[in-house]
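Numbering (my numbering), first residue to last: 141 to 540.
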Amino acid sequence: MLLRFNLLILTTIAILLSASQSAGAQTETVLYSFCSQTGCTDGSHPQAGLVQDPSGNLYGTTFDGGANAKGTAFSVSPSGTENVLYSFCALDDCDDGYHPRAGLVRDTMGNLYGAAFDGGAHDGGTIFSINPSGTETVIYTFCTQGGCRDGYYPHADLIRDGSGNLYGTTQFRGANGGGTVFKVTPSGTETVLYSFCAKAGCADGLHPRAGLVRDSSGNLYGTTSDGGANGKGVVFKVSRTGIETALYSFCAQSNCIDGSNPHASVVRDGKGNLYGTTYNGGANGMGTVFQVSSIGVETILHSFCSQTGCADGSRPQAGLVRDAKGNLYGTTQSGGARKKGTVFSVSATGVETVLHSFAAGGTDGASPISGLILDDQGNLYGTTLSGGANRMGTVFKVVP
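Okay, here's the thing in structure tokens:
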């Protein structure tokens, strides 16, 4: 009887393990592996996330590759067919821009808008549009003002309002050398809404690497990776009239257990709470998921590397996406079961779940540094910087 019972237990465990492994194997799908064409003309090393159209096509950028080895804008169909929409550095002296680190935003007509980190007429980066037929137009070139007071090196995704104005950040320069928050009109007029390091010790923030989120009143919210009261970055608000408020300065607690150095943008809920990630800090020094209330109170929802071997992930560079139930989804650059990064969720109560750990060999992708998008069915889509069939990055899908 005891032998039969033991056999039953062992059989049950085997079935559960098999089901778990099978579910894990089915969770992630590589839709496209970059550098599948000679010379990586299809692009390589995507650093940015994706945007999706109503038909399920995905659009993004690669930092390298393309016809001129300076990056691409691409689309990937639901079945995994990739199309290069534009290869950067197609103009003399790369006046069209090159090496886009930022993703794209899409309007209802199918036009795409983005930022190139480098290039342009003054080598400070560009804001561009690409129409459905693949024609690129430079809307604005940075460093057109003395000392690059208009900003230099746009690093992050743009957002677009109902009038077609684009908002974003530059990592450097501006009036004080610490980066900017800017607005660009459809006709290409740029306005610097705020120049960082305007306060002693850069208490207002320094070097924004991330994009923005906008509320119904036109206020903008974001993060800087440095500066603030403790030199480890801030969550900030910029009003429509250009008044900046540092809502929270990181590393306010001993050993930076409240997080430090956010690289990513924030997402906002209906109550005005902001959610994001820090690259460093937290209880284990490997980054956090945090919430900052509208009045600047911070709560740590998860500290990464809380599990042995950082199986829960470590070093998140990307921001979050939030579903209707308040669950947050994101990626970590490293950690996970195989040290190649993770796709994770964090519940409204702070429970973290690893949805996918990228494989040790990186065949399913490796080192995701961009955020995710969420479709109506709850599927998640993103990119990895490396890994895939050719080790040059992927577009992937995860079914939670």
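Backbone N, C-alpha and C fix where the C-beta goes; we use that ideal spot for every residue, glycine too.
Report the rounded CA-to-CA distance for residue i versus residue j, giving the unit in angstroms.
i	j	result
Tyr199	Val353	20 angstroms
Ser379	Asp301	15 angstroms
Phe485	Gly286	Here residue 485 turns out to be Ser, not Phe, going by the sequence shown. Between Ser485 and Gly286, the C-alpha separation is close to 45 angstroms.
Gly414	Ser184	Contrary to the premise, residue 414 reads as Leu rather than Gly in this sequence. Approximately 32 angstroms, taken between the alpha carbons.
Leu525	Thr248	29 angstroms
Leu231	Asn208	10 angstroms
Gln431	Asp233	43 angstroms
Thr181	Phe203	12 angstroms
Thr325	Ser303	9 angstroms
Asn424	Gln447	10 angstroms
Asp366	Thr167	36 angstroms
Lys377	Ala477	37 angstroms
Cys391	Thr439	13 angstroms
Ile279	Val491	43 angstroms
Cys175	Asp297	24 angstroms
Asp409	Gly511	17 angstroms
Asn197	Val535	12 angstroms
Ala464	Ala261	43 angstroms
Please determine, among the options, the residue with the shortest C-alpha to C-alpha distance to residue i.
i	options	result
Ser227	Gly237, Thr221, Gly358	Gly237
Gly220	Gln187, Gly211, Gly449, Ser173	Ser173
Thr523	Val483, Met426, Pro540, Gly368	Val483
Val538	Ala529, His496, Asn530, Ser507	His496
Lys479	Asp463, Gly502, Cys180, Arg462	Gly502
Thr177	Gly205, Tyr334, Thr167, Pro326	One detail in the question is off: residue 177 reads as Gln in this sequence, not Thr. Ranking Gly205, Tyr334, Thr167, Pro326 by Cα distance to Gln177 puts Gly205 first.
Ala350	Tyr361, Leu512, Cys342	Tyr361
Gly533	Ile509, Gly518, Ser394	Ile509
Val437	Thr471, Ser405, Val374, Phe336	Val374
Gln469	Ile513, Asp504, Ala499	Here residue 469 is Tyr; the residue named in the question, Gln, does not match the sequence. Nearest of Ile513, Asp504, Ala499 to Tyr469, Cα basis: Ile513.
Phe282	Asp258, Val191, Pro456	Asp258
Gly412	Leu387, Val429, Asn420	Leu387
Leu171	Tyr419, Ile299, Asn223	Asn223
Tyr334	Cys342, Ser443, Asp263	Cys342
Gln473	Ala256, Tyr419, Tyr293	Tyr419
Following the continuous beta strand (DSSP E) through residue i, name the residue where it begins and the one where it ends.
i	result
Thr266	266 to 270
Ala386	384 to 389
Gly254	252 to 256
Phe484	482 to 486
Leu306	306 to 310
Leu129	Within the shown structure, residues of the chain are numbered from 141 to 540, placing residue 129 beyond reach of any answer.
Val535	534 to 538
Tyr521	520 to 524
Assuming the contact rule is C-beta atoms closer than 8 angstroms, residue i and residue j should be a hit. Round their C-beta distance to whole Å, please.
i	j	result
Ile267	Glu276	Contact flag wrong, Cβ pair sits at about 11 angstroms.
Pro402	Gly422	Not a contact, Cβ separation roughly 12 angstroms.
Gly291	Thr320	4 angstroms
Leu244	Thr201	6 angstroms
Gly453	Val494	6 angstroms
His347	Gly318	6 angstroms
Gly459	Ser405	4 angstroms
Give the range of the alpha helix (DSSP H) segment to which residue i is assigned.
i	result
Thr167	142 to 167
- Query: What are the uninterrupted segments assigned as alpha helix (DSSP H) that are 4 or more residues long and contained completely in the region 313 to 382, given in chain order?
  - Reply: Listed in chain order, nothing qualifies, since the region 313 to 382 has no complete alpha helix (DSSP H) run of 4 or more residues.
- Ordered list of beta strand (DSSP E) runs contained in the region 417 to 466, each at least 3 residues: Taking only runs of at least 3 residues, the beta strand (DSSP E) segments lying wholly in the region 417 to 466 are 428 to 432, 438 to 443.
- Query: Which whole runs of the beta strand (DSSP E) in the region 194 to 263 are 3 residues long or more, in chain order?
  - Reply: Assignment of beta strand (DSSP E) within the region 194 to 263, counting only whole runs of 3 or more residues, yields 198 to 202, 212 to 216, 222 to 227, 252 to 256 in chain order.
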